[in-house]
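*Asks:*
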Amino acid sequence: MTDSSDVTACDWEREPDPSDSLRTFGAVVQALREHAGLSRVDFGARVRFSKHTVESVELGRRMPDESFVERAEEVLGNTGALRKAAGHLTRGEAGLAAWFRRWARLEKVAVSLCTYECRLVPGLLQSEGYARAVFEGTIPLITDEELETLLAVRMERQRMLYERPTVPFSFIVEEHVFRRRFGNVEQMRAMLDHVLERSAPRNVTLQIVPLEAGLHACLDGPVRLLETPEGRRFAYSEGQQNGRLIADVKEVSLLQQRYDTLRSQALHPRDSRGLLERLRGEL
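The opening position of the sequence shown corresponds to residue 54 in my numbering, with each subsequent residue numbered one higher.
Structure follows, in structure tokens:
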């Protein structure tokens, strides 16, 4: 069972990417290779893998094939160390950015969840077409298989909105997010319909910050806040290729104050739904 107690003051920041086990295994391979006086090219030739594959394994970017482990053992002394270490390798949680995984685990047990977004439709409200367009625009480009995995995980996360009807979910989103065009008219309509559907349950509240609202307290960027069953409060902020889990009581309290202030500045949920319906009608 997922528990919030595994988050301590010393590991708030970024979840490792790649996983610790892959990175550690790669470092051992590299140390043994260098001790044997072999370059990556030489070592690759002996284990019958390319220099790039060797590099990817050593940097923890790639799960080594069983044949790689066996041949590396033979080339590097046959001590059994690599075989034993390979048994403990994990890929991490597929479909989730490494820096988001710890927050995703907390989400599963949260008794309340608040999200402010100014860049794109929040993941929990995205239509499949919208999410696909987001992933297709990812740089560096990802494979079709990776895209489908990301998409499946995102759609699966959305189930919590209706599978946990007693948990309040609050979303505050800037109006321009819903005006940003993607795909064709039908895809835009499908996105707005999906948001209206996902925000319809009584435990889900969606408020839109209208364009004319002006400057406000959350301009530093997107933020998420949650409370655990034990009464602990956490926040999460995300930027380019990184995310930060915040556990400091004072900092979380400050972010909560900003969020609560923005609630009073955003449109009422009823008016927010009306705005989305008007936007849909304008397409």
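A virtual CB, placed ideally from N, CA and C, is assigned to each residue, including glycine. Just so it is clear, the structure is predicted and the values come from calculations on it, not from any experiment.
Who are the near neighbours of Arg316 in its chain, counting only those whose CB is closer than 6 Å to its CB and skipping five residues on each side?
*Replies:* For the purposes of this step, residue 316 is taken as the residue at position 263 of the sequence shown. Nothing listed; no residue qualifies.
*Asks:* By alpha-carbon positions, which one of Gly236, Tyr289, Leu203 and Ala270 ends up nearest to Asp313?
*Replies:* One-based indexing of the sequence shown puts residue 313 at position 260. Of the candidates Gly236, Tyr289, Leu203 and Ala270, the one whose C-alpha sits nearest the C-alpha of Asp313 is Ala270.
*Asks:* Decide if the stretch 282-299 is in contact with the stretch 227-246; the criterion is three or more beta carbon pairs, one per stretch, under 8 Å apart.
*Replies:* In short, these stretches do not touch, since the Cβ pair count stays below three.
*Asks:* Between the beta-carbon of Ser342 and the beta-carbon of Gly274, is there less than 8 Å?
*Replies:* Look at the range of the chain in this structure, 54 to 336, and you will see that residue 342 is not part of it.
*Asks:* From Leu214 to Ala139, what distance separates their C-alpha atoms?
*Replies:* Sequence index remark: in the sequence shown, residue 214 carries index 161 (1-based). Sequence index remark: in the sequence shown, residue 139 carries index 86 (1-based). If you take the alpha carbons of Leu214 and Ala139, they lie about 38 Å apart.
*Asks:* Looking at the secondary structure, which residues open and close the alpha helix (DSSP H) in which Gly327 lies?
*Replies:* For the purposes of this step, residue 327 is taken as the residue at position 274 of the sequence shown. Start and end: Pro322 to Glu335.
*Asks:* Strictly by DSSP, which residues pair up with Tyr312?
*Replies:* Numbered from its first residue, the sequence shown carries residue 312 at position 259. Note: Tyr312 sits in no beta bridge, so no partner.
*Asks:* Assuming Val107 contacts Arg93 under a Cβ cut-off of 8 Å, what Cβ separation, rounded to an integer in Å, is found between them?
*Replies:* Along the sequence shown, one-based indexing puts residue 107 at 54. Along the sequence shown, one-based indexing puts residue 93 at 40. Right, their Cβ atoms sit about 5 Å apart.
*Asks:* Going by alpha carbons, who is nearest to Arg323 out of Leu204, Thr258 and Leu308?
*Replies:* Start at 1 with the first residue of the sequence shown, and residue 323 comes out as number 270. Of the listed residues, the one whose Cα sits closest to Arg323 is Thr258.
*Asks:* Compare the beta carbon distance of Ile261 and Tyr169 with 8 Å and say whether it is the shorter of the two.
*Replies:* Residue 261 sits at position 208 when you count from the first residue of the sequence shown. Residue 169 sits at position 116 when you count from the first residue of the sequence shown. Not in contact: Ile261 and Tyr169 (Cβ atoms no closer than 8 Å).
*Asks:* Using C-beta distances below 7 Å, list every residue in its chain close to Glu211, excluding the 5 sequence neighbours before and after it, in chain order.
*Replies:* The count along the sequence shown starts at 1 and reaches residue 211 at position 158. In the sequence on display, residue 211 carries Gln and not Glu. Excluding residues within five positions, the ones whose Cβ falls inside 7 Å are Leu177 and Arg251.
*Asks:* If you follow the alpha helix (DSSP H) that Ala163 is in, where does it begin and where does it stop?
*Replies:* In the sequence shown, counting from the first residue as 1, residue 163 sits at position 110. From DSSP, Ala163 is part of no alpha helix (DSSP H); its letter is neither H nor E.
*Asks:* Please state whether DSSP places Arg217 in a helix, a strand or coil.
*Replies:* The sequence position of residue 217 within the sequence shown is 164, counting from 1. Coil at Arg217, not helix or strand.
*Asks:* Which class does Gly296 belong to by DSSP, given the choice of helix, strand or coil?
*Replies:* Working through the sequence shown from its first residue, we reach residue 296 at position 243. Gly296: strand per DSSP, three-state reduction.
*Asks:* Does the distance from the C-beta atom of Leu279 to that of Leu135 stay below 8 Å?
*Replies:* Translated into positions along the sequence shown, residue 279 becomes position 226. Translated into positions along the sequence shown, residue 135 becomes position 82. Not a contact, by the Cβ cut-off of 8 Å.
*Asks:* May I ask you to list the residues that DSSP assigns as paired with Gln211?
*Replies:* Walking along the sequence shown from the start, residue 211 turns up at place 158. In the DSSP output, where bridge partners are listed per residue, Gln211 has none listed.
*Asks:* List the endpoints of the continuous alpha helix (DSSP H) containing Ser223.
*Replies:* The count along the sequence shown starts at 1 and reaches residue 223 at position 170. Per DSSP, Ser223 belongs to no alpha helix (DSSP H); it is in the beta strand (DSSP E), Phe222 to Glu227.
*Asks:* Give the DSSP-derived three-state secondary structure of Asp64 in the structure shown.
*Replies:* By 1-based counting over the sequence shown, the position of residue 64 is 11. Bear in mind that the predicted position of Asp64 carries a pLDDT of just 43, short of 50, making it too unreliable to give a figure here.
*Asks:* For His141, count neighbouring Cβ atoms within 10 angstroms of its own Cβ and tell me buried if that reaches 16, exposed if not.
*Replies:* Position 88 of the sequence shown holds residue 141. Burial call: exposed.
*Asks:* Using the beta-carbon count (16 or more within 10 Å), is Val238 buried or exposed?
*Replies:* Along the sequence shown, one-based indexing puts residue 238 at 185. That one is exposed.
*Asks:* Around the C-beta of Gln179, are 16 or more other C-beta atoms found within 10 angstroms, so that it is buried, or is it exposed?
*Replies:* As a first step, residue 179 must be located in the sequence shown, where it is residue number 126. Burial call: buried.
*Asks:* Taking all protein chains shown into account, decide if Thr61 is buried (16 or more other Cβ within 10 angstroms of its Cβ) or exposed.
*Replies:* Counting from 1 along the sequence shown, the entry for residue 61 is found at position 8. Confidence is the limiting factor: at Thr61 the pLDDT is only 44, short of 50, which leaves the residue's position unreliable and the question unanswerable from this model.
*Asks:* Along the chain, where does the alpha helix (DSSP H) containing Gln240 start, and where does it finish?
*Replies:* Taking the first residue of the sequence shown as 1, we reach residue 240 at position 187. Gln240 -> alpha helix (DSSP H) spans Val238 to Arg251.
*Asks:* For Arg155 and Thr281, what's the separation of their Cα atoms in angstroms?
*Replies:* In the sequence shown, residue 155 corresponds to position 102, counting from 1. In the sequence shown, residue 281 corresponds to position 228, counting from 1. Cα to Cα, Arg155 sits roughly 13 Å from Thr281.
*Asks:* Which of helix, strand or coil does DSSP assign to Leu259?
*Replies:* Position 206 of the sequence shown, counting from 1, holds the residue named residue 259. If DSSP states are grouped into helix, strand and coil, Leu259 belongs with the strands.
*Asks:* Determine the extent of the beta strand (DSSP E) in which Leu279 is found, giving its start and end residues.
*Replies:* The count along the sequence shown starts at 1 and reaches residue 279 at position 226. Leu279 -> beta strand (DSSP E) spans Val276 to Glu280.
*Asks:* Quick one: measure Cβ to Cβ for Glu111 and Gly79, integer angstroms, because I've assumed they're closer than 8 Å.
*Replies:* Working through the sequence shown from its first residue, we reach residue 111 at position 58. Working through the sequence shown from its first residue, we reach residue 79 at position 26. Correct: roughly 4 Å between the Cβ atoms.
*Asks:* Just verifying my parser: in three-state terms, what is the DSSP assignment at Ser306?
*Replies:* Along the sequence shown, one-based indexing puts residue 306 at 253. Note: Ser306 maps to helix in three-state DSSP.
*Asks:* Pro193: buried (16+ other C-beta within 10 angstroms of its C-beta) or exposed?
*Replies:* Against the sequence shown, residue 193 aligns to sequence position 140. The residue in question, Pro193, is exposed, as its Cβ has fewer than 16 Cβ neighbours within 10 Å.
*Asks:* Using a 10 Å radius around the Cβ and a threshold of 16 neighbouring Cβ atoms, would you call His247 buried or exposed?
*Replies:* The sequence position of residue 247 within the sequence shown is 194, counting from 1. Answer is buried; the Cβ neighbour count reaches 16.
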